[in-house]
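Novice:
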Amino acid sequence: MGHKRLGVLPKSKKWRDIVEAVEACASGKVPVEEVAKNTLSNVRKLYQELEKDPSVKASLTFLVEFSYAFKTQNPGKYLIENGILPSDNLSLISIAQAINYYKQESFYSKEYQSIAKQATIDALNNWYRSNLDHGTSLFSEGVKPENVFAKAAGGGGFSEISRLFFAKFTERYLKYFLEREAAPRIKNINTINNFSRAIETFTDEVSKHAYETSKITQSYAAGWYNKHSKENKPSGKDINKLIRNTFKKMRNEILFEELK
57 MGHKRLGVLP
67 KSKKWRDIVE
77 AVEACASGKV
87 PVEEVAKNTL
97 SNVRKLYQEL
107 EKDPSVKASL
117 TFLVEFSYAF
127 KTQNPGKYLI
137 ENGILPSDNL
147 SLISIAQAIN
157 YYKQESFYSK
167 EYQSIAKQAT
177 IDALNNWYRS
187 NLDHGTSLFS
197 EGVKPENVFA
207 KAAGGGGFSE
217 ISRLFFAKFT
227 ERYLKYFLER
237 EAAPRIKNIN
247 TINNFSRAIE
257 TFTDEVSKHA
267 YETSKITQSY
277 AAGWYNKHSK
287 ENKPSGKDIN
297 KLIRNTFKKM
307 RNEILFEELK
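Positions in the sequence shown are counted from 1; adding 56 to them yields the numbering used here.
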């Protein structure tokens, strides 16, 4: 109660202009880099709205609880007792399923909730793959997920995961927005195919910007996690502060890039 309800999609002229610009990218009339830069300006405003979105808080709470579990003597037991996983069967599939069911009632917008949950899955999947021992893969024999995720117990591991989450949220949001907004406007199959390729190129470009922008948050997230997880897990109030300050840092970093 009392919070501003977020719309399903932004409807301002600036956002509609982005769709038209990506359409122009599809025909080669406008460079992708130029559109990406203009889009980040709008993303900066979006970040301010997302600070209070319960879907974002639910996702960050899941990631905090997940990392904190591996600081305890029995991570599997902690994850079950705190409603993170339904059983001690730890795998990327079981984690993804758990994320989809976690705090389903916490949302203003179903669309934002879906994007936040998928970004959470993306973050953990990408982090897991990058932290496998050299020479091993997802399908290598003898790989124990609990041993890999044990590296997430400290501030370094958590900060990497949270950085991935914020970058992936931005990437997924933009792709969803562009596809949803452009669908009614494009009828020709060739134009659709060209536009789809333009979206991929465009989101790749923006994703690079978003990931680089989120780097500014990594040292802060590491310090925050180490400070608030010394004796117990971080509180909901602590997580609110993490979200608020992270989005603020990302907004300021984007503004700095705009002023260069």
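Glycine included, each C-beta is placed from N, C-alpha and C at the ideal position.
Pick out whichever of N145, V199, D260 and Q274 has its Cα sitting closest to the Cα of E25.
Specialist: In the structure as shown, the chain begins at 57 and stops at 316. Residue 25 is therefore absent and cannot be evaluated.
Novice: Distance check for E107 and Q129, CA to CA, integer angstroms please.
Specialist: Cα to Cα, the separation comes out at about 33 angstroms.
Novice: Exposed or buried, R185, counting other C-beta atoms within 10 Å across all chains shown (16 or more means buried)?
Specialist: exposed
Novice: Go ahead and pull the three-state DSSP assignment for F233.
Specialist: Look at F233 here: in three-state DSSP terms it is helix.
Novice: Please go through the same chain and pick out, in chain order, the residues whose beta-carbon is closer than 6 angstroms to the beta-carbon of Y229, but skip the five residues on each side of it.
Specialist: If we look at Y229 and ignore the five residues flanking it on each side, its Cβ neighbours are I171.
Novice: To the nearest angstrom, how far is it from the Cα of K60 to the Cα of H190?
Specialist: Low confidence applies to K60: its pLDDT is 39, below 50, so where it sits in the model is not reliable, and the reading given next is rough at best. Approximately 47 angstroms, taken between the alpha carbons.
Novice: Among the candidates S193, S111 and A208, whose CA atom is the shortest distance from the CA of S123?
Specialist: Restricting attention to S193, S111 and A208, the CA atom closest to the CA of S123 is found in A208.
Novice: Is the beta carbon of Y168 less than 8 angstroms from the beta carbon of S115?
Specialist: no
Novice: DSSP on I155, reduced to helix/strand/coil?
Specialist: helix
Novice: With distances taken from CA atoms, which of L102, K133, N301 and V204 is nearest N187?
Specialist: V204
Novice: Determine the burial state of G279: buried for a count of at least 16 other Cβ atoms within 10 Å of its Cβ, exposed for fewer.
Specialist: exposed
Novice: State buried or exposed for S215, treating a residue as buried only when at least 16 other CB atoms are found within 10 Å of its CB.
Specialist: buried
Novice: Does P142 pass the burial test, meaning 16 or more other C-beta atoms within 10 Å, or should it be called exposed?
Specialist: exposed
Novice: Could you compute how far the alpha carbon of K293 sits from the alpha carbon of A254?
Specialist: 41 angstroms
Novice: Output needed for N138: all residues of its chain with C-beta closer than 7 angstroms, excluding positions within five of it in sequence on either side, in chain order.
Specialist: Around N138: E121.
Novice: Can you find a C-beta in chain B that's less than 8 angstroms from the C-beta of L106?
Specialist: The question asks about chain B, but that chain is absent: this structure has only one protein chain.
Novice: Just the Cα atoms here: how many angstroms apart are R300 and R219?
Specialist: 14 angstroms
Novice: Would you decide whether L234 is buried or exposed? Buried here means 16 or more other CB atoms lie within 10 Å of its CB.
Specialist: buried
Novice: Have a look at M306, A277 and K231 and flag the residue whose alpha-carbon is nearest the alpha-carbon of A266.
Specialist: M306
Novice: For the candidate residues Q174, L298 and E227, whose alpha-carbon lies nearest to that of V99?
Specialist: E227
Novice: Provide the residue span of the alpha helix (DSSP H) that contains K127, from first to last.
Specialist: Per DSSP, K127 belongs to no alpha helix (DSSP H) and is neither H nor E.
Novice: In this structure, does DSSP put A317 in helix, strand or coil?
Specialist: Given that the chain is displayed from residue 57 to residue 316, the structure contains no residue 317 and the question cannot be resolved.
Novice: Out of G211, T302 and V199, which one is the CA nearest neighbour of I272?
Specialist: Distances from the alpha-carbon of I272 to those of G211, T302 and V199 put T302 closest.
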